[in-house]
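Data first, discussion second: the structure below is written as structure tokens.
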Amino acid sequence: MVFYFTGTGNSLYIAEKIEKKPISIPQIMRGTEREFAADSIGIVCPIYGHEVPSMVREFMREVSFHTDYFYMILTYGNRHGGAAELAKQLCETCGIDVSYINVVLMVDNWLPAFDMNEQTKLDKKVDEQMAVILEDLQNRRKAISPVTQADREAHQQFLAGMSQMPADAWQHLIRMTDACVGCGICTKVCPSDSIRLENGKAVHIPGRCQTCLACVHACPYKAIGLTVPEKNPQARYRNDHISLGDIIAANGKNGER
Ligand SMILES: Cc1cc2nc3c(=O)[nH]c(=O)nc-3n(C[C@H](O)[C@H](O)[C@H](O)COP(=O)(O)O)c2cc1C
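Taking the working numbering, the leading residue of the sequence shown gets 44, the next gets one more, and so forth.
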């Protein structure tokens with residue numbers, strides 16, 4: 044049993060490598076089922092600021108997992124900042140006995156720091172990284188991906204920077220522009236129902252936004268930007284192996300393609 048959270052498809056691609064039909068965390072969070080039992084249970088998700096998205100944290104706090112082998116695979120694009128260690132601490136606070144945590148370097152979809160046209164040119168050897176992880180999972184290996192002092196310092200530095208910003212700064216990251224034609228795709232790819240159409244235009248509602256950037260990357264008109272500078276406002280990304288329909292099925296309210 045594999046659960047996943049995704050904004051631009053990297054984590055879904057990885058989850059599907061582990062199991063054909065992984066389960067969407069946003070869809071579970073919209074429902075009432077809170078007990079899961081299986082021979083092995085895993086979570087695949089991106090890291091945001093070296094930690095798992097807030098909805099994944101909520102999911103881990105609310106759900107009871109009954110398994111002998113619990114694991115997490117964290118996708119990231121540039122610097123994991125000790126994400127495996129932070130995820131292990133999260134498991135402990137949620138009462139989850141975690142056996143294995145690993146990280147996978149993929150395309151970085153963080154638009155303030157990266158030009159997607161440049162990111163997609165890099166070969167980050169995802170399948171090679173996954174071959175090792177798949178073998179580990181098959182052998183039910185017990186291991187937490189190593190974390191260095193430099194990783195920990197990078198995270199502390201990040202937290203120090205965040206503490207200078209208003210607590211809800213990330214809730215105001217998404218910026219709708221006049222280029223919006225009201226197609227509604229952004230409302231369907233949002234995992235937290237944070238966008239609605241008003242008078243034929245998309246409106247972002249702060250509060251539960253995961254800042255996954257699914258809406259920004261999926262808008263066919265590039266009508267959604269950020270309130271901070273972007274490296275290339277014309278470059279957008281979705282994992283090559285994942286369709287728009289897959290993202291809608293993962294995150295949309297009705298899960299329809
Ligand atoms: C809000 C946000 C924060 C991110 N923070 C980090 C980070 O701290 N370190 C990193 O290496 N990548 C970071 N990334 C990049 C993503 O973790 C990476 O591209 C991931 O594979 C995206 O997964 P997805 O396609 O399943 O959404 C961040 C992306 C977003 C949107």
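The beta-carbon is built from N, C-alpha and C at its ideal position, and this holds for glycine as well.
Can you give me the start and stop residues for the alpha helix (DSSP H) that residue i sits inside?
i, result
"Ile-25", "With the chain represented from 44 up to 300, any question about residue 25 goes unanswered, as that position is not in the structure."
"Cys-88", "No alpha helix (DSSP H) holds Cys-88; the beta strand (DSSP E) holding it covers 84-89."
"Ile-176", "169-181"
"Gly-204", "192-206"
"Tyr-56", "53-61"
"Leu-256", "Careful: Leu-256 lies outside any alpha helix (DSSP H) and carries neither H nor E."
"Asp-289", "287-294"
"Ala-130", "126-136"
Would you call the CB atoms of residue i and residue j closer than 9 angstroms?
i, j, result
"Ser-188", "Asn-152", "no"
"Cys-262", "Leu-216", "no"
"Tyr-47", "Asp-82", "no"
"Leu-148", "Val-169", "yes"
"Leu-154", "Leu-55", "no"
"Ala-292", "Ser-67", "yes"
"Val-150", "Thr-163", "yes"
"Arg-122", "Ala-197", "yes"
"Lys-296", "Arg-73", "yes"
Between the options, which lies nearest to residue i when the distance is taken from Cα to Cα?
i, options, result
"Val-45", "Phe-108, Ile-290 and Gly-250", "Phe-108"
"Glu-59", "Leu-133, Asn-297, Tyr-112 and Asn-282", "Asn-282"
"Tyr-119", "Arg-104, Leu-55, Tyr-91 and Glu-101", "Tyr-91"
"Ala-266", "Lys-274, Thr-254, Arg-279 and Cys-255", "Arg-279"
"Gly-52", "Ser-286, Gln-162 and Asn-297", "Ser-286"
"Thr-110", "Pro-249, Lys-131 and Phe-79", "Phe-79"
"Ile-139", "Val-224, Pro-272, Met-115 and Arg-122", "Met-115"
"Pro-337", "Glu-241, Arg-218, Val-224 and Thr-136", "With the chain running from 44 to 300 in the structure shown, residue 337 is simply not present."
"Glu-178", "Asn-297, Ile-61, Leu-117 and His-247", "Ile-61"
"Gly-227", "Ser-206, Phe-201, Phe-102 and Lys-244", "Lys-244"
"Ile-84", "Cys-134, Leu-129, Arg-73 and Gly-74", "Cys-134"
"Val-271", "Leu-240, Glu-241, Met-208 and Val-246", "Met-208"
Report, in whole angstroms, the separation of the C-beta atoms of residue i and residue j, which I expect to be a contact under 8 angstroms.
i, j, result
"Lys-185", "Ser-142", "5 angstroms"
"Glu-94", "Ala-126", "7 angstroms"
"Pro-69", "Met-98", "7 angstroms"
"Val-106", "Ile-57", "In fact, because the Cβ distance is near 20 angstroms, the residues do not count as touching under 8 angstroms."
"Val-232", "Ala-203", "About 33 angstroms separates the two Cβ atoms, so there is no contact after all."
"Pro-96", "Cys-255", "7 angstroms"
"Lys-13", "Phe-157", "The requested residue 13 is not part of the displayed model; the chain covers only 44 to 300."
"Ile-248", "Thr-49", "Contact doesn't hold; Cβ gap of about 21 angstroms is too wide."
"Val-190", "Glu-241", "Going by Cβ atoms, the distance from Val-190 to Glu-241 rounds to 45 angstroms, so no, they are not a contact pair."
Return the bridge partner residues of residue i from the DSSP annotation.
i, result
"Ala-80", "His-109"
"Thr-118", "Pro-89 and Val-147"
"Lys-244", "Glu-241"
"Ile-187", "Ile-144"
"Ile-267", "Met-219"
"Glu-94", "Tyr-91"
"Ser-67", "Tyr-47"
With residue i as the anchor, note down where its beta strand (DSSP E) starts and where it stops.
i, result
"Arg-239", "238-241"
"Val-45", "45-47"
"Leu-154", "Note, Leu-154: premise wrong, no beta strand (DSSP E); not H, not E."
"Leu-165", "Careful: Leu-165 lies outside any beta strand (DSSP E) and carries neither H nor E."
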